[in-house]
Amino acid sequence: MANSTRTLRLGGPMSLIGRVAVVTGAARGLGRAIALRLAQDGASVAAWDLNFDGAEATAATIREAGGKSVACCGDSSKADQIAQALAQTHQALGPVTILVNNAALSPFVKFEDLTEPAWDELMTVNMKGPFLCCKAIIPDMLAAGWGRIINISSSAAQAGSGLHAHYAASKGGVIGLTKGLAIEYAARGITVNNVPPGFVDTEGLRESPVDIDVYAPMTPMKRPGRPENIAAAVAYLASDEADYVTGHTLSVNGGRYLN
Ligand SMILES: NC(=O)c1ccc[n+]([C@@H]2O[C@H](COP(=O)([O-])OP(=O)(O)OC[C@H]3O[C@@H](n4cnc5c(N)ncnc54)[C@H](O)[C@@H]3O)[C@@H](O)[C@H]2O)c1
Numbered sequence: 287m288a289n290s291t292r293t294l295r296l297g298g299p300m301s302l303i304g305r306v307a308v309v310t311g312a313a314r315g316l317g318r319a320i321a322l323r324l325a326q327d328g329a330s331v332a333a334w335d336l337n338f339d340g341a342e343a344t345a346a347t348i349r350e351a352g353g354k355s356v357a358c359c360g361d362s363s364k365a366d367q368i369a370q371a372l373a374q375t376h377q378a379l380g381p382v383t384i385l386v387n388n389a390a391l392s393p394f395v396k397f398e399d400l401t402e403p404a405w406d407e408l409m410t411v412n413m414k415g416p417f418l419c420c421k422a423i424i425p426d427m428l429a430a431g432w433g434r435i436i437n438i439s440s441s442a443a444q445a446g447s448g449l450h451a452h453y454a455a456s457k458g459g460v461i462g463l464t465k466g467l468a469i470e471y472a473a474r475g476i477t478v479n480n481v482p483p484g485f486v487d488t489e490g491l492r493e494s495p496v497d498i499d500v501y502a503p504m505t506p507m508k509r510p511g512r513p514e515n516i517a518a519a520v521a522y523l524a525s526d527e528a529d530y531v532t533g534h535t536l537s538v539n540g541g542r543y544l545n
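Here's what the structure looks like:
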């Protein structure tokens with residue numbers, strides 16, 4: 287086996303300079319942390335969200351730090367709104383080669399109270415959204431011969447989660463989508479991976495009926511994760527260093543589920 291002839295560089299960050307990333311649901315929580323981390327690593331970032339003020343706040347934080355960023359308001363599960371956000375992203379930043387499908391709904395409801403419209407709404411946002419965003423953005427990646435898709439799934443799909451059957455099913459679907467696309471695009475320079483978080487301290491989780499201060503201490507690490515823990519995993523999967531990793535589930539969950 288040949289020895290590596292690469293020059294050793296100490297202290298360099300994983301460089302995403304020259305890359306353009308789209309992060310859905312980037313107004314707050316994990317999406318915001320992921321957007322900031324990708325920008326820190328050099329990417330230009332389009333922050334997509336239904337909440338324009340929040341997305342703009344994320345984009346402004348990046349611009350104020352000297353990075354390039356644009357906020358796009360829209361529903362990441364509606365093809366026409368995705369097309370509009372993508373056109374705005376192209377104009378401001380250029381073709382997209384990193385897609386982070388992060389936006390999702392996470393309502394808690396007893397299965398006997400779960401209605402067909404509620405099931406359909408959740409599947410539309412959590413599963414059809416990533417499907418449509420992939421459909422829209424993969425052509426940019428194919429043209430570049432390089433792409434990274436990172437889907438945010440959930441430990442609920444791995445370990446189960448009470449009052450969350452539709453959510454767990456949707457996130458299981460996201461893991462299946464990840465594996466299918468990974469195989470289909472592996473030879474064309476695009477990697478597709480997913481990150482299932484455990485209990486991570488976000489506005490979304492704090493607003494839910496799950497008391498994170500009760501549940502997180504039941505995990506092996508006995509504490510919740512930070513949004514930056516998820517962002518670091520996404521940054522790795524988006525990097526050149528991860529170019530032989532695809533179809534992978536990179537659990538970041540304090541030991542809640544061991545795979
Ligand atoms: N926080 C956790 O502990 C945890 C655990 C497992 C999985 N996750 C997953 O991580 C991701 C982020 O979670 P979070 O806790 O940061 O959520 P959050 O509710 O705090 O933020 C979600 C963001 O997505 C946006 N959004 C929702 N639907 C949208 C749509 N249709 N189009 C565009 N934007 C939309 C919201 O406006 C919001 O800004 C989700 O996929 C969630 O399922 C989170």
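Take the sequence shown: its letters are residues 287 to 545, numbered as in our numbering.
Here a beta-carbon is modelled for each residue, glycine too, at the ideal position from N, C-alpha and C.
- Apart from the 5 residues on each side of it in sequence, A307 sits with its Cβ closer than 6 Å to the Cβ of L324, A329, V331, I384 in its chain, given in chain order.
- Remark: the C-beta of R314 is in contact range of ligand 1, defined as less than 7 Å to any heavy atom.
- For W432, the distance from the CB to the nearest heavy atom of ligand 1 is not below 7 Å.
- DSSP places N437 inside the beta strand (DSSP E), whose first and last residues are 433-438.
- Not one heavy atom of ligand 1 falls within 7 Å of the beta-carbon of G380.
- T477: member of the beta strand (DSSP E) spanning 476-481, first to last residue.
- When the alpha-carbon of W432 is set against those of P513, G446, A472, the nearest one is in A472.
- DSSP links I384 through a beta bridge to A307, R434.
- In the three-state DSSP reduction, S441 falls in the helix class (H, G or I).
- F485 is the residue among F485, P425, M409 whose C-alpha sits nearest the C-alpha of D497.
- The residue among L467, R542, K465, K457 with its C-alpha nearest the C-alpha of M504 is R542.
- Counting along the chain, V460 sits inside the alpha helix (DSSP H) bounded by residues 451-471.
- Contact between the stretch 456-464 and the stretch 433-447 is present: 3 or more CB-CB pairs across the two stretches fall below 8 Å.
- The closest heavy atom of ligand 1 lies less than 7 Å from the beta carbon of S440.
- Bounds of the alpha helix (DSSP H) holding V520 are 513-524.
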